[in-house]
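Here is the structure we will look at.
Here it is as structure tokens:
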């Protein structure tokens, strides 16, 4: 059962995503990246929206885990943005990319929404299992593993220009995210459903990463 306070936290994030006007990245589109400055601004504004929710609704300390779990995935996105900010308009802009790739403006709002959804889903699991208990070891351990792989992709693909390694990370990430979703389903179906859009996006990202790697092997270090 989802309490009213948790829903207010999640709702404030969704409202922030809907209200934001994400800037376009004019040169180059990242297959898995957060849209550099777009995501940085999105995550920042999302955090501000959450802080507003805390003040406006006088959130008690019992709600703090909901905020922490929901915001946690954004940490890697913000840190990764410092790498993509440099590499997207330079190295990545010169790569051959498939014509069906998503438009520039899509990455910021998509990643903000996906990070928020998976973060809130992890909170539901945490709450359902009574915190970081022994029963939470597998479902939250798998979640932590896929989140670490998620954060690792940007430094590997963009920072090191290792497109093949990036693809390998994405494949492993997708498998771990699927395992996470499966482990969540018997515990809290809502949490598992919140992972479904993420799985779809990872499939798209993996396909795009493969195409970029296939068509630009001479530009991989």
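In full-length UniProt numbering, the protein residues as written are 1 to 221. Just so you know, even glycine gets a beta-carbon here, dropped at the ideal spot from N, CA and C.
Terminal residues of the continuous alpha helix (DSSP H) containing residue 144?
First-last of the alpha helix (DSSP H) with residue 144: 137-154.
Along the chain, which unbroken stretches of the alpha helix (DSSP H) at least 4 residues long are found entirely within the stretch 155-220?
List check, alpha helix (DSSP H) in window: 163-184, 189-215.
Please classify residue 209 as buried or exposed, where buried requires at least 16 other C-beta atoms within 10 Å of its C-beta.
When all chains shown are included, residue 209 counts as buried.
Give me, in chain order, the residues of the same chain whose beta-carbon lies closer than 6 Å to that of residue 151; leave out the 5 immediate sequence neighbours on both sides.
Within the same chain, 76 come within 6 Å of residue 151 by CB-CB distance, once the 5 residues on both sides are set aside.
Nearest neighbour of residue 115, chosen from 184, 198, 172 [CA to CA]
If we check each option's Cα against that of residue 115, 198 comes out closest.
Expressed to the nearest angstrom, what Euclidean distance is found between the alpha-carbon atoms of residue 183 and residue 137?
If I take the Cα positions, the gap works out to 11 Å.
Between the stretch 122-129 and the stretch 62-75, do at least 3 Cβ pairs fall closer than 8 Å?
At 8 Å Cβ cutoff, the stretches touch.
Short Cβ contact (8 Å threshold) for residue 195 with residue 177:
A contact, by the Cβ cut-off of 8 Å.
Using the beta-carbon count (16 or more within 10 Å), is residue 87 buried or exposed?
Within 10 angstroms of the beta-carbon of residue 87 lie 16 or more other beta-carbons, which makes it buried.
With DSSP collapsed to three states, give me the class of residue 90.
Coil.
Neighbourhood of residue 217 by C-beta distance below 6 Å, restricted to the same chain and skipping five residues each side
Same-chain partners within the cutoff: there are none.
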